[in-house]
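Quick note on this note's numbering: the sequence shown kicks off at 1 and runs consecutively. For every residue, glycine included, the Cβ atom is placed at its ideal position computed from N, Cα and C. Values in this document were obtained by computation on a predicted structure and should not be read as measured data.
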Amino acid sequence: MHCPVPRQTRLVALCLARCVVVAIVALPAASHALSPATHAERTSCAGEGKTLRSRDAARPTQVEFINHGKEIKTIYWLNYEGRRVYYTRLQPGDSYIQKTYVSHPWVVTSDDLGTCETAVLPVRTPSITILN
């Protein structure tokens with residue numbers, strides 16, 4: 001079948017058609033990325049080392065820590081005995097994604113003394129926690 005449009009115009013149209021198909025195929029992933037974020041649960045540091053400790057490793061998930069504050073934040077995992085295990089330090093404006101489990105709490109500090117600022121409890125779906 002012959003198209004009355006000049007060859008160069010047909011090539012541009014074909015290229016545009018392919019781009020549209022690629023954009024439509026990529027749309028579900030982009031829509032998912034724009035959906036509202038789930039926030040990890042936050043709790044008091046009072047139970048650290050006592051009741052606040054890791055339990056079984058049955059339900060994998062992930063938490064993204066986002067430092068919106070003006071201080072460096074230090075992230076610790078609480079192990080099965082409730083002891084801190086150093087993972088990373090976040091500069092202001094930085095973020096960090098940690099694969100973890102629903103039953104594994106995390107502690108955030110913001111000073112050199114290691115004073116607990118907040119404890120983070122992961123949820124079933126990938127989540128974020130914003131640190132100020």
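Asked                                                                                               : Found
Alpha carbon of Ile72 to alpha carbon of Leu90, nearest angstrom                                    : 6 Å
Those residues which DSSP pairs with Leu78 across a bridge                                          : Arg84
Counterpart residues of Leu90 in DSSP-defined beta bridges                                          : Lys73
Per DSSP, cross-strand counterpart(s) of Arg59                                                      : Answer is none; Arg59 lacks a bridge partner.
Residue interval of the beta strand (DSSP E) (run including Thr43)                                  : Glu41 to Thr43
Inter-stretch contact (C-beta, 8 Å, three-pair minimum) for the region 120-128 and the region 80-87 : no
Rounded distance between the beta-carbons of Glu64 and Ile97, thought under 8 Å                     : 5 Å
Residue environment, Pro105, which counts as buried when at least 16 other CB atoms sit within 10 Å : buried
One or two residues paired with His67 in a DSSP bridge                                              : Before going further, note that residue 67 is Asn rather than His in the sequence given. Beta-bridge pairing links Asn67 to Leu131.
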